[in-house]
Structure formats: C-alpha cells, structure tokens
Amino acid sequence: MESKVGLKDILLFLLVATTLVSVGLLFVQVDRAWDRLDQAVETTQAQSTAMDQLTQEVRRSRQKNQEAIEAFREATGALLAVAASRQADPSDPAEASDTSDPGETTNPADPADAGLTSGSADVDAALAALDQASQDAPDSLGPAPVENDYYELLRAQRQEPDFATGGQFVGSFQSIVRKITPYISGDVYGTLIQSYVMQTLATRDYDDPTRWRPLLAESWTQSDDGLTFTFTLRPDARFSDGTPVRASDVVFTYEWIMNPRVEAPRARVYYEKVQSIEALDDRTVRFVFSEPYYLSFAVAAGVEVLSEKYYGQFSPERFNALPGLLFGSGPYKLPTDPAEWRPPSAGAIRLVRNDNYWGVPPALDEIVYRIITDENARLSTFINGEIDAFNPAPEQYSETLDDQGLRGRTELFIHEPITTGYRYIGWNQRKPDGSPTAFADRRVRQAMTLLIDRQRMVDELMKGRASISTGPFHRLNPQSDPDIDPWPYDPERAKALLTEAGYADRNGDGVLEHPEHGPLSFRLMIPSGIDNYLRMADMAAESMRRAGVVMQADPTEWNILTQRLDERNFDAAALGWGASVESDIKQIFHSESIDGGGDNAVAYTNPELDAVIDQARSTMESEPRYALWRRAHRLLHEDQPYTYLFTRQQVQLVNDRFRGDRVTKIGLSPRDEWYVPRAERRY
Amino acid sequence: MLGYIARRLLLMIPTLIGVTAVVFLVMAYSPGGFGGVSSDAEGNRTASEEARRQQQLMKARFGYDLPKPVQYLRWLNQVSPAGFAMSSQLAEQALDADPAVNPDADPELSSERAAALAVIEAAPRVQSEIEREQLLLQALRLAMYRDTPAEVAAQELVGLMSAPEQALRPPGAPESSADDAQRDLLDKINAVPEDAEDSRRKVTGAPTQDAMRKALLGEIDFHFTGLNRVRFDTPTFGWPDLGKDLERIPVLDAIRDALPVTLLLNALTIPLIYVISIVAGVYAARGKGGWFDTGSGVFFLALWSFPVIGAGVLLVSYLASDNYLPILPTAGLSSPEAAEMAFLPRWVEDADGRAFERGWLLDRLWHLAGPVFCLTYGGFAVLTKIMRGAVLDNLHADFARTARAKGVAPNEVLWRHVVRNSLLPMLTIVSNLLPALLVGSVVVERIFSIPGMGDLAVRAAFSKDQQLLMGTTLMISAVVLVSELLRDLLYAVADPRVSYD
Chain A
4 MESKVGLKDI LLFLLVATTL VSVGLLFVQV DRAWDRLDQA VETTQAQSTA MDQLTQEVRR
64 SRQKNQEAIE AFREATGALL AVAASRQADP SDPAEASDTS DPGETTNPAD PADAGLTSGS
124 ADVDAALAAL DQASQDAPDS LGPAPVENDY YELLRAQRQE PDFATGGQFV GSFQSIVRKI
184 TPYISGDVYG TLIQSYVMQT LATRDYDDPT RWRPLLAESW TQSDDGLTFT FTLRPDARFS
244 DGTPVRASDV VFTYEWIMNP RVEAPRARVY YEKVQSIEAL DDRTVRFVFS EPYYLSFAVA
304 AGVEVLSEKY YGQFSPERFN ALPGLLFGSG PYKLPTDPAE WRPPSAGAIR LVRNDNYWGV
364 PPALDEIVYR IITDENARLS TFINGEIDAF NPAPEQYSET LDDQGLRGRT ELFIHEPITT
424 GYRYIGWNQR KPDGSPTAFA DRRVRQAMTL LIDRQRMVDE LMKGRASIST GPFHRLNPQS
484 DPDIDPWPYD PERAKALLTE AGYADRNGDG VLEHPEHGPL SFRLMIPSGI DNYLRMADMA
544 AESMRRAGVV MQADPTEWNI LTQRLDERNF DAAALGWGAS VESDIKQIFH SESIDGGGDN
604 AVAYTNPELD AVIDQARSTM ESEPRYALWR RAHRLLHEDQ PYTYLFTRQQ VQLVNDRFRG
664 DRVTKIGLSP RDEWYVPRAE RRY
Chain B
32 MLGYIARRLL LMIPTLIGVT AVVFLVMAYS PGGFGGVSSD AEGNRTASEE ARRQQQLMKA
92 RFGYDLPKPV QYLRWLNQVS PAGFAMSSQL AEQALDADPA VNPDADPELS SERAAALAVI
152 EAAPRVQSEI EREQLLLQAL RLAMYRDTPA EVAAQELVGL MSAPEQALRP PGAPESSADD
212 AQRDLLDKIN AVPEDAEDSR RKVTGAPTQD AMRKALLGEI DFHFTGLNRV RFDTPTFGWP
272 DLGKDLERIP VLDAIRDALP VTLLLNALTI PLIYVISIVA GVYAARGKGG WFDTGSGVFF
332 LALWSFPVIG AGVLLVSYLA SDNYLPILPT AGLSSPEAAE MAFLPRWVED ADGRAFERGW
392 LLDRLWHLAG PVFCLTYGGF AVLTKIMRGA VLDNLHADFA RTARAKGVAP NEVLWRHVVR
452 NSLLPMLTIV SNLLPALLVG SVVVERIFSI PGMGDLAVRA AFSKDQQLLM GTTLMISAVV
512 LVSELLRDLL YAVADPRVSY D
C-alpha cells in the first residue's frame, strides 16, 4: 500500500512536464515558421504575376511600336514617292516627318514610354467609344459631379514640404470583427474595413455630400424619366491584382448579390428596385430601375464592385463560409490571401497599401485596428499613444479634454457630421384601440415642446457637446431649413396653449384636466439601462410638473420597447433615429407608414406633408427636391409630431503626428488623405 | 468501471436537454425573444423600408415566429446526432444535386432538380439566369415543404409568374382539401399578391409587365425563404449540427476560435491556484494559530472578497497607463507588432546598437499576466482553507501518530504521509472551479479584450443570437459535465477505497 513519492519523483515529473511543454512550444514555433514561409511564397508569387503582366504589356507595346514603325516606314516611303513625283512642293513630307519623329515615339528601349503611348492610344479609342455611347443615349447628365478634381487635391498634398510616405494609423474597435466579406457582413466595423478595400462607381464628396465624386466611373448620364443611369468606367481603374475594372465586373456583382445561394439577403433588399444591369461594352454599364426614386442613383453608384476574376473562382457556399474574402480596387488590401483570413484572436486587424492602386497612392503604409472591448483599457491605450484616435464618451470629457499632457500630444476635433442622428420624444396620437389621445391635438404637442428646456439638456446632459434640433434633418444638412428657430423654453406660452386646448385644473389637485381626455398625465417610454435617457426624462418631468403635467419615466428593455412601438402601446417615447446624407422621412412621418411595416409609431397624419414627401421622393433634380425637403421640415416644425431634442457633436482626439486630417461634412477625412512627416514617424 | 462510465455518459443526455431547454425557454420567453437587436452604436434606430424588410426576413428565415417549444424542439432536432431532415435543408441539397457540378449527388434529388429546371426553363416569362436560379430554389423549397414532386411546385410558381393577376386571389378564396401545411402555404401565397399589389402601387405611371413580374419574383423569394418544416419521413444521422449564427458563420467555427483562448487561460490559472493553495494550506496547518496561518487567512479572504471586475479595471487604468505605472499591456493577447517578432527573446542589431526584442512567446506571457492574475487571486481562500483543514485532520490521525511514534522525522510525516492523504478533497473542488472559471472569464475577457468563450457567450446573449447562444450553452455545459465525470474517475484512481463496481 505504501508507495513512495519522493523528491526524485517530483523532479522526474517536472522533467517530463518541461519536455512536454517544450515540445508543444516547438510545434507552435514550427507552425509560425511555416506561416511566415507561406506568406513569403505568396508575396513572391504575387510579384512574379505582376512581373509577367508587366513583361506582357511591354511585349505588346513593343509589337505595337513595331507595327507603328512599319506603318510609318510605309507612309514615309509613300510620301517620299509622292514627294519624288511631285518635286514642285517639298513641304508636305517635311511636315509629316516632323510630327512623327521615329526617334521619339518608337524607342523600344524605353518600355515605360512605350506603355504610355499605347495607353494614350487606348484612351483615344475609349474616348471615341464614349462619344458614340453618349450619342446613342439622349440623356441628361444626372446628379452633378464635383467640379474640382479630387485627385488634384491629393497630388497637391504630395507637394507639401513635410510630405512623406510611410507610417501607420492604429485605430480601435469595441468588439471583435468576425466577418469582413463584402455584402454578407452586417457588422459596422466590417463595413469600415471594407471601405478601405472596396470601391464604388462614385462616392459622395466629403465637403459637399449633395454632390458626387467620380471613383471607378469617370462620368455618368441619366435618362429624363430618372429610371436609367449609364456609367462610363475609368480606363485606368484596376483591382489589386492588376486586372482592369470592367463593366462585366459590375454586372457580375449584381448577379452575385441576387444569386439566391449567396447569403446576402440583407444586401439584396436594396437592389429590389433594380430592374436590370447590363454592360453595353467593356467600360459602359447601364442600370435600369423599375420606379423613379431619388435614391436610385445612390443605389447604382454605391455598388461595391467585385472582381469577376477573383470572386468567380469561389462557389457561393465558399463565399458564404469564408470570413474575410475581401478583395477590391481600393487603396488598401488585406496583407495575406483573403481566403485564409480568420478573425484575429490576437487582437488586431491589419490592412496594407495596395501597390497596384490605380489612383493617387495613399501615404500611410498600414492601417491597423486593435480590438479593445473595455472602455478604460481603450483610454489607457490612447494615453500610452498605442492607438491614434479616440472618441471619448461624455463621462470621459473631463478626464481627457482637461489632461494637458494628453492635449499637447493630440489634436482635438469637435465637429458635427451631417449624418449624425437625432434624439426625440414621439407623442403617440392614437391608442391601441384606434381612438385619439390627448396628443392628437397639435397645441398640446407644441405645449410639450415649450415645456422642455432643451438648452439645459444640451448643457448639463451632453456637457455642451450637442446642438438643439428642430426637425428630422441635421441642422447643417441642406435638407433642413436654416431659417427655422427652435421652439423656446417658455412655460407661460405652453400654459396658454394648454388652456386654449381646453385644459384646466378643475379639481384643484395641481394637475391639468381635459373634459374628454381626463388628467394630462402620461408615461414616457425610454430604453432601460441608459443613464443619460433617465436623467433627460427627469429634467423634462420637473418642468412639466410645475406646469401641471404629470410625466413618469418608463424604462423599457429594448426588445419589448420596439414591440410596444409596433403595437402603439405607449403614451410617449424618447428614442433616437439614425440619419444619412439625404434621409428619406417617408418611413417615419408619411401616413402610409402608420400601418403595414412603417415606422410612424405615433400615427401622425398630415396630407400636405404626405404630398410633399411623395413629390420629393420622385423628384430627380436635386435643387427642387431640397426645396421640398425644406418645406417638409417647416411642416414638421409647426406640427411637432415629435419634440426634436438634439443631435450630438463628435468629439475626437487624434495623435498630432498626422497631417491631412481635417473635418469634412461627413466626419474626419478618410485615412488615405493622412500622412506622417518623416521626422515624426513611429513604428 | 466501464459500465459506470457508460451509465454516466447516458445520464448526461437528459441533463444536457434539461440545461438547454431552460436556457432556450428563458431566452425565448424574455421580452422580444430571440432575434437581432437593431440599433446603431449610439442607440439610434434606422428608419427605412429596407431595414424593416430585413428584420421581417430574418424572423421568417430563422423561424422566430413559430411557437417557442416548437423552436426548441427544432433546435434539438438539429443538434441531435440522429434526427429528421428539415425541408429547407433537403431543398438546398437538391439545388446542389447538379450532376454536372457534383457527380456523386443523390440521383433521386438530381432528377427532381432536373424536372423542376425543365419546367422553369420552358416558361416563357422567366428570362435571366438569376431568375431561373431563384425560381428553382424556391420551387425546390416548396416541393420539399409539401413533399410533392418538384415538377408540380415549379409549375405552380411558373403559373404564378405568368399570370400575376390570377394570383391576386381574394383572401377568402376557396381552400382546397388541404392539410395544415398546405393551408399554411396557401396563406403565404395569398400574402404574395397583397404585397405585390403594394409593389405595383409604388410604381408610378403605368406598371410595366416587367416591373410587376420582378416585384412578384421578389415577393416569392421573400416569403418562401422562410418555408421550412421537419420532414418526419426522412431520418438523418450525422455529427451534431450547431448551426450558423446571425452573421451566418458556423457556430462550431466561432467556438473553435474562442475555446483555445479560454483553455489557455484556465490551463495557466488552475495549476497556479493549486500550487499556491496547497503550499499555503500546508504551512498554515503546520503553524496552526501562528502568524502565517492568521495572516494568510485574512489576506486570502480579503483577496477573495475583492470583485474581479474592480481589480481588472484598476489594473488596466493604473498599471497599464503611461500616466501611472506602465508595466502591463492594455488589451489583447499579443501586441500588433508581435507577428513580426521572432519566437524567442533575442538581441537584435539595429541602428542604435544592440536592442532587446522580447519575442512572440514573452510578449504573449506579458499579455497573459493581467488576466491570469485576475482569474487567480480570488481562488486561494477556499482552497487554502480546505487544504489546511484536511492537513490538520490527518496530522491527528492514527497513521500520522504511529509514524511519529516510530521515529519518522516530522517533516517526512507531513510531506510524505499527511499531505498525500490531504490532497483528496482538493480533487473534488476541481469540477467546482472549472465552471466558476468559465464564468469568471466572462468579466476578465471583456476587460482585457480577449476573444474567448466568455466574450462569445456575452455577445450571443446581448445580440439574442439563438444559434450562437445555444451552441455556447451546449458546449459549456458539456465541458462541465465531462469535467465532473473526470473528477469522479480521478477520485477512484487516487483513493483505492473508492470503487464504482
């Protein structure tokens, strides 16, 4: 029974354990070595493919040049013959040989030059084709593109004395990104990663988002009925493997999304109004929509073009299963084979510069996003200078904005992108049984707005980092009417309005009553667990109580909240709506949206507004359409179906070694405009 | 022994069913039930027709509109190694059964597919390749749902497409002598024209035939995508299918990514807790009532009462910040630049001379220090007390007194006789510790940004992702049950008095 475990046994055990651990570690090491080797092989292969292409191109242009020389010789021969026969007029051949000096245009020793010539020949041919195409279609020009050449701006930036290529931008994500494959990833951060790699036909200009900047397309036209858009692709646009972007790739993208075996049902919804997409030739693609809708152009121009050559090699099932099948024509690309990409367990997503980029190459070598789930950890990491940008929450303002050391190392941006959503209180006008509530009376809704001190909310709740909103559009958005002044905080006027609407304190309990609706007492539904909403409700309740209105906060769990909105089982609700560059408000305020899949949970009806919205949605020219949106804004301001509370400002801190970071209308400028002067480079 | 193991393994099945049923029904009956939470980072919702439609689509697709117990039984059927095929699964198999692409496809399914395809190709109003493919999939779905030949289903869809007006049946149209499934489908088809009417109304001006056809096709696609039922006539056998999450990533893949991380943490934490507790326990018992006994008792209890979340946040805010004492990394399992480093630490020559590079291994250990500390420090109190008690008991036991009486050195009595016998109760604790560590790692993984099982489970619960949540629940409860079985077996191995035969 007595077995002996002595020091020797323990030593033996330790020895065995150490050996096992070492073997395990050795495996890991070998594995890593293999991975690195794989990467190296891959890079070499990519380079050799690029070399092959280059060689072929050189050979082709050489051949072309040869032909040109032949043609030239023939021509000169003929000319000489003509000249010889027509001795009387010697100027013709001289002129001919002047314009096409064989020494200059056909120097086979200089491949770059030769490529350039053949390229410009292509351009000429393409231009001719373009002329042909534009003659075929008697179209108007469609949404106006920006006049200034964006790439000129980028090139000018390259001339700055401190401009340097190289360096990294390190950002942070709050949660792990598990899928970045385009069209099937529904993740916010996944979309951000995609925006570096994928490109669209055109993109909204950052400084004037109502206009469009050509990207993969160089120009476009629109039919008069607003149903057909024809895009002409840039001749020089290339995917990151060097293959040109063709019209067939755009068609392939559409067909790929619509393929029922591709798990892109969410993306498919946006293309339901597209009737057909066809390639008219290599560089011309035509979209036909089934109904005129002002966002049709945005849908067409916003197609993130997939490479047919690359994506065509995967079956839909493989495409659905692979988490990182991200390959495009943008300024950055994944550092490894996209098919091998896995969600990063070590905590960072890396993108590297696309060396085959067709546009102005970006300055930064790498874009890195670290995954940091904890708020405090993110702040510490930013203070350490290990991440380059940080958006403090209102609670962190004092900690970050007052930290002089930190402020000295960073640049502070406080700005209001016009795509920021707004917070509101919606006044339900219809009970679940269909009868009207007290809020069906416009005067009562106006009085509620007059009773809410929004400036105080902005100052105390949001620490001044917000602006009062007057309608569903951001105050800097051209959709919004700049002449509208927000309703003031004016309890006296509110009381007058309520008296006018028939409210009075009839039984002396300090609460206003209405002969039909009874006492003016209601519950404000707010999302539970968010302190900011609760404090906001308390502030509003306080001033209402003084005016004889009883309001009680009703924190509700998110899922049940949306359910109660759908069932219209609430008195009033405080929530937020997201916004876009040109928001479509039909879903929220049109009377058709009261039932059947709309979001008009407060059952607001105004026939005049309905007509304005319908007209705006089918108006394709932007000026008259924006005038209609502004009219809608005025109507909504007068009617107050919602009390519009405020829109938040963005507070961002960015490491000050970057140049080219500036505020645009829709956020900070994209990272491909940023650069780091050589002296301040890190990593 | 083998009989005992078999019995225990069989008992696990009802236990797992019980655990998953409770978790499923609690989540399903919680307000809102399963399904994605739809708001952006700032808590704002998106107002668009598209967003609405996406939500409806996800609901239908995952069957969230079914009665809750039925949803659970379906999930059980899906993970069970022996179960019944789902009609949508069969439809997808049939769609794949193209002999040209997939030579070893089931001949019966491929003939069904060919028949349906022939009908669709013959239809005059189906134009493009995509439309054909769409209709084919929906026809197969319909056929598998009703268990009719695919040809018949295809004909019905083609009929619907070629005469949309006819399809606009009034809601109270005569029902055929249909069973429940068929009636359900009839409702769905009737829902199609209603919405098609909607789509047509949206088309301003004269609705072109083409636009209407397109709209109808979209509606067919939209409504039939959710068409799914259990085919009790088709039993299937195979590995448990944990399904796909809302992002359409196989749950098994997600677990495969996350589990090693958590196991790594636990593999470091458990031995550390044990070694320190055993040593401390033995010394405390030897000097009973002395300064070490009292001191360690108070200290470990103090550690035990300090919440992990507080310790984690303090570590990250003070010991990782340049403003205070930067000795720990802030987040993650590796530095971003670790991928470029060599495996082992080394000196590298660079422009400024020789510089130390910590290497991948040391970098990983450095990143593990914080989380392992947080997981470890609370575990000493209980284990030390148990060890101390056991050692004290055994020190006064007859065999120890005998050994001492025979003149064995006190240290030898303690380490060779007493400690060995006192280790048994520690074994019992392992299985209690493991689930506790899995739970503890939820907090620690959040704070230190480590993508492990805890993080996965929290994400699943927050996004109300049915498949992901059930998959992780199943995996964690299976791990706990297996570790309990292992403990009991170890017990028998370690203590000859325990026998299960």
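These protein sequence lines are chains A and B, in that order. Take any residue in the first sequence, count from 1 to its spot, add 3: that is its number in our numbering. Take any residue in the second sequence, count from 1 to its spot, add 31: that is its number in our numbering. Where a beta carbon is used, it is the ideal one built from N, C-alpha and C, also for glycine. Since the model is a prediction, treat every value here as computed from it, not as a measurement.
Residue interval of the alpha helix (DSSP H) (run including residue i)
i                 : result
Ala250 of chain A : 250-261
Phe330 of chain B : 322-336
Gly579 of chain A : Taken as a continuous stretch (DSSP letters only), Gly579 of chain A belongs to no alpha helix (DSSP H), being part of the beta strand (DSSP E) at 575-580.
Gly9 of chain B   : Residue 9 of chain B is absent from the model: chain B starts at 32 and stops at 532.
Trp223 of chain A : Per DSSP, Trp223 of chain A belongs to no alpha helix (DSSP H); it is in the beta strand (DSSP E), 220-225.
Rounded straight-line distance, which links the Cα of residue j to that of residue i
i                 : j                 : result
Trp677 of chain A : Ile390 of chain A : 15 Å
Val666 of chain A : Glu683 of chain A : 22 Å
Ala53 of chain A  : Asp244 of chain A : 8 Å
Leu23 of chain A  : Pro291 of chain B : 18 Å
Met201 of chain A : Pro185 of chain A : 8 Å
Val248 of chain A : Glu311 of chain A : 9 Å
Ala610 of chain A : Asp598 of chain A : Looking at the sequence provided, one finds Pro at residue 610 of chain A rather than Ala. Each residue's Cα considered, the two are about 16 Å apart.
Asp526 of chain B : Leu455 of chain B : 8 Å
Arg214 of chain A : Gln482 of chain A : 13 Å
Pro334 of chain A : Tyr607 of chain A : 46 Å
Gly327 of chain A : Ile183 of chain A : 5 Å
Leu564 of chain A : Ile529 of chain A : 8 Å
Glu519 of chain A : Pro217 of chain A : 60 Å
Residue nearest to residue i in terms of C-alpha spacing, selected from the options
i                 : options                                : result
Pro485 of chain A : A:Arg39, A:Trp632, A:Trp259, A:Arg289  : A:Trp632
Gly312 of chain B : B:Val475, B:Arg451, B:Asn463           : B:Arg451
Leu296 of chain B : B:Leu399, B:Asp96, B:Met58, B:Asp486   : B:Leu399
Phe536 of chain B : B:Val339, B:Leu505, B:Ala149           : One cannot answer for residue 536 of chain B here, as it falls past the ends of chain B, which runs 32 to 532.
Pro346 of chain A : B:Gly483, B:Glu160, B:Tyr531, B:Lys495 : B:Gly483
Val513 of chain B : B:Asp486, B:Leu40, B:Glu476            : B:Leu40
Ser352 of chain B : A:Glu70, A:Met465, A:Phe242, A:Ile386  : A:Ile386
Gly601 of chain A : A:Glu585, A:Glu570, A:Ser175           : A:Glu570
Phe176 of chain A : A:Arg207, A:Phe322, A:Ala351           : A:Ala351
Tyr257 of chain A : A:Val277, A:Gly411, A:Asn480           : A:Val277
Pro680 of chain A : A:Asp664, A:Ser383, A:Glu77, A:Ile669  : A:Asp664
Gly321 of chain B : B:Leu107, B:Glu443, B:Arg419, B:Thr46  : B:Arg419
Status (buried if at least 16 other CB within 10 Å, exposed otherwise) for residue i
i                 : result
Pro491 of chain A : exposed
Glu398 of chain A : exposed
Asp288 of chain B : buried
Leu188 of chain B : buried
Val101 of chain B : exposed
Lys437 of chain B : exposed
Pro365 of chain A : buried
Gln407 of chain A : exposed
His427 of chain B : exposed
Trp259 of chain A : buried
Ile44 of chain B  : exposed
Segment limits, beta strand (DSSP E) that includes residue i
i                 : result
Tyr274 of chain A : Unbroken run through Tyr274 of chain A: none, as it is neither H nor E.
Asp117 of chain B : It is worth fixing the name first, because residue 117 of chain B is Met in this sequence and not Asp. Element bounds for Met117 of chain B: 113-117.
Check: residue i C-beta below 7 Å from any heavy atom of the ligand ZN
i                 : result
Gly229 of chain A : Of ligands this structure carries none, so the ligand ZN is not represented either.
task = Can you check the segment 356-431 of chain B for any beta strand (DSSP E) of at least 3 residues that lies completely inside it and give the ranges in chain order?
result = Qualifying beta strand (DSSP E) stretches, in chain order: 377-381, 384-388.
Query raised in the report: What are the uninterrupted segments assigned as beta strand (DSSP E) that are 3 or more residues long and contained completely in the segment 334-364 of chain A, given in chain order?
Result: Complete beta strand (DSSP E) runs here, min 3: 351-356.
Practice problem: Only counting runs of 4 or more residues, tell me where the alpha helix (DSSP H) segments fall wholly within the segment 434-518 of chain B, in order along the chain. | Solution: Counting only runs of 4 or more, we get 450-453, 455-478, 484-493.
Runs of 3 residues minimum, wholly inside the segment 488-543 of chain A: which ones carry the beta strand (DSSP E) assignment? Taken in chain order, the complete beta strand (DSSP E) segments of 3 or more residues contained in the segment 488-543 of chain A are 524-530.
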